[in-house]
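In the numbering used here, the protein residues as written are 17 to 335.
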């Protein structure tokens with residue numbers, strides 16, 4: 017199968033899956049108890065006329081399929097509707113809050129990739145006590161939930177030592193980097209441990225391979241063996257964790273943003289879910305699903321380029 021054919025097929029599959037996901041995302045909110053009308057009324061009794069007005073404004077009396085198709089058509093034109101809680105366009109809410117979340121996720125991703133790959137490589141190459149120490153450390157990291165890490169880091173470095181702010185996202189790029197340092201570390205901690213262990217396992221497997229033995233027998237310097245034959249051949253396995261890493265970052269952002277009172281889409285999703293803000297929850301959920309699918313698509317497209325042993329359309333299969 018040619019690369020272009022494979023890419024077109026995967027994009028078509030992603031579009032079909034995203035369409036199905038949009039149906040689930042739209043319908044899931046209506047399965048929960050309560051309604052937008054009950055939130056807007058805030059427990060007050062309402063006349064049938066007032067209730068009918070609210071239902072008409074948000075099209076709550078229309079059949080489910082009619083509401084879904086109308087919503088999907090608006091989404092395809094970039095219109096996610098109007099927030100029930102904030103009484104403004106959801107697109108504007110996302111535009112205001114998305115940059116903070118993207119910066120937080122980017123900072124966390126840099127920490128995950130840099131530290132995770134480094135620790136995994138050191139553990140595999142050096143072995144012995146160094147390997148054992150890194151294994152213990154990464155086991156602790158993997159066993160620490162993001163919210164717990166956020167509370168611990170906040171209590172020590174923000175409250176006790178005062179090195180970093182305890183809440184908020186800051187203003188201006190430099191101030192935002194300072195404010196988001198602790199949240200990024202809390203968000204990255206679990207994934208650093210996970211990626212380090214995956215990298216270590218992949219490199220240990222590569223170290224035992226026949227081509228590494230041949231390279232060493234030919235007198236190739238050890239550093240070159242590690243760089244060209246071991247680490248490079250491990251990248252395919254590491255790359256397959258890309259979807260898991262991004263999905264974990266997206267989900268855990270909700271907890272970390274809540275802990276640090278960061279006004280990003282994670283905190284917005286948590287507040288909107290509590291207040292039954294259907295349009296906002298649906299928009300954010302759909303964006304998260306779309307990002308996850310895009311990352312998995314990129315992994316599938318890049319994997320054969322990074323590891324020539326992998327056949328198009330498979331993960332881990334060799335030619």
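A virtual CB, placed ideally from N, CA and C, is assigned to each residue, including glycine.
Item, Value
"Under 8 Å between C-beta atoms of residue 102 and residue 39", "no"
"Buried versus exposed call for residue 179 [16 or more other C-beta atoms within 10 Å across all chains shown]", "exposed"
"Rounded separation between residue 306 and residue 294 - CA only", "18 Å"
"Exposure label - residue 283; buried when at least 16 CB within 10 Å", "buried"
"Buried versus exposed, by CB contacts within 10 Å (16 or more), residue 8", "What the structure shows of the chain is the stretch from 17 to 335, and residue 8 is not part of that stretch, so it cannot be assessed."
"Segment limits, alpha helix (DSSP H) that includes residue 293", "Looking at the DSSP string, residue 293 is not in any alpha helix (DSSP H), and its letter there is neither H nor E."
"Where residue 10 falls: helix, strand or coil (DSSP)", "Within the shown structure, residues of the chain are numbered from 17 to 335, placing residue 10 beyond reach of any answer."
"Counted within 10 angstroms of its Cβ, other Cβ atoms place residue 137 as buried (16 or more) or exposed", "buried"
"Helix, strand or coil at residue 213 [DSSP, three-state]", "helix"
"Test item: CB-CB of residue 260 and residue 30 under 8 Å", "no"
"Residue 92 classed as buried or exposed, judged by whether at least 16 other C-beta atoms fall within 10 angstroms", "exposed"
"Cβ-based neighbour list, residue 150, same chain, cut-off 7 Å, excluding 5 preceding and 5 following", "135, 138, 139 and 212"
"Same chain, Cβ closer than 7 Å to residue 201, neighbours up to 5 away in sequence not counted", "127 and 169"
"DSSP beta-bridge partners of residue 98", "105"
"Contact under 8 Å by Cβ, residue 162 with residue 311", "no"
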